[in-house]
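The block underneath contains the structure these notes are about, expressed in C-alpha cells.
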Amino acid sequence: MSLPESLHAELRQLSDDLWSCPELSGDEQFAQERLCDVLRERDFFVMPGFLLPTAFCSELVFNEDGGPTVCLVCEYDAVAGLGHAAGHNLASTAAVAAALAVQIESSKAPNPNSHAPPTQNWWLRNFSEIRSTERGKMKPRLRDQKNKLWGRDLGSLDGASVR
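If you use our numbering, the sequence shown corresponds to residues 8 to 170, in order.
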C-alpha cells in the first residue's frame, strides 16, 4: 500500500509546519488544528478537545455495522528547549499518512460490505465510544461493552461513556 505522489508534498508540508511551531505538552493548539484540518479535508469526522483540550479523535467509518477498530496515536508535543527533537512531527504525520493510505485502499473495494478493508474504523486519540455533538448522540464503535484505558474505566472520563 502506498500513497499517491500528490499527497507526498502535502504530508511533507504538514511535518514541516509542525516542526516550525513546536508546542509543549498541553499547549499544542497549532498542531491539533493543523492535524485536524488535514483529516477534515479528507472527509474524516474530527472531534477536537477529546478527553484533553489539545487532543482529538478522528474517525473514518466504512461500515456502520461494526468491524475492526484501529487506533493510531499522534504525538505532537515538543521538548522544552529542544523543539521536535523526539520527532513527534514525523510520528504524527506518519499516523495521518497511514490513515489516508487505508482510506484510499478501502475506497478501491467494489463493495465495502462484501470486501472488508483491513480496518473499518480509524480513530486517532480514542479507544472507546465517542460523543458526537455534531451528530447529537453517542455512537458506539466497539463490540466490547467495557474498555480500559490506563487502568480506568472510560466512563469516568469527560465526554466518553462506555455502557
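All residues carry an ideal CB built from backbone N, CA and C; glycine is no exception.
- Assigned with DSSP and collapsed to three states, F63 falls in strand.
- Cβ atoms of L79 and A62 stay farther apart than 8 Å, at about 13 Å.
- In the three-state reduction of the DSSP assignment, L79 falls in the strand class.
- The beta carbon of R41 sits closer than 7 Å to those of L21, D24 and L25, all from its chain and outside the five residues before and after it, given in chain order.
- In the displayed model, F37 falls within a helix according to three-state DSSP.
- From the listed residues E17, S113, A93 and D84, the smallest Cα separation to L46 is found for E17.
- If you draw a 10 Å sphere on the C-beta of A102, you find 16 or more other C-beta atoms in it, and that means buried.
- Among the bridge pairs identified by DSSP, P29 is matched with none.
- DSSP places V103 in the uninterrupted alpha helix (DSSP H) bounded by H95 to S114.
- Counting every other CB atom within 10 Å of its CB across the protein chains shown gives H15 a total below 16, marking it as exposed.
- By the Cβ neighbour-count rule, E35 is buried, with 16 or more other Cβ atoms within 10 Å of its own.
- Proximity to S27 across H91, T100, A98 and K115 peaks at H91, based on C-alpha coordinates.
- DSSP places V53 inside the beta strand (DSSP E), whose first and last residues are F52 to P55.
- Annotation for S65: L46, F51, V53 and L131 place their beta carbon closer than 6 Å to its own, counting only its chain and skipping 5 residues before and after.
- For L58, the number of other beta carbons within 10 angstroms of its own is at least 16, and it is reported as buried.
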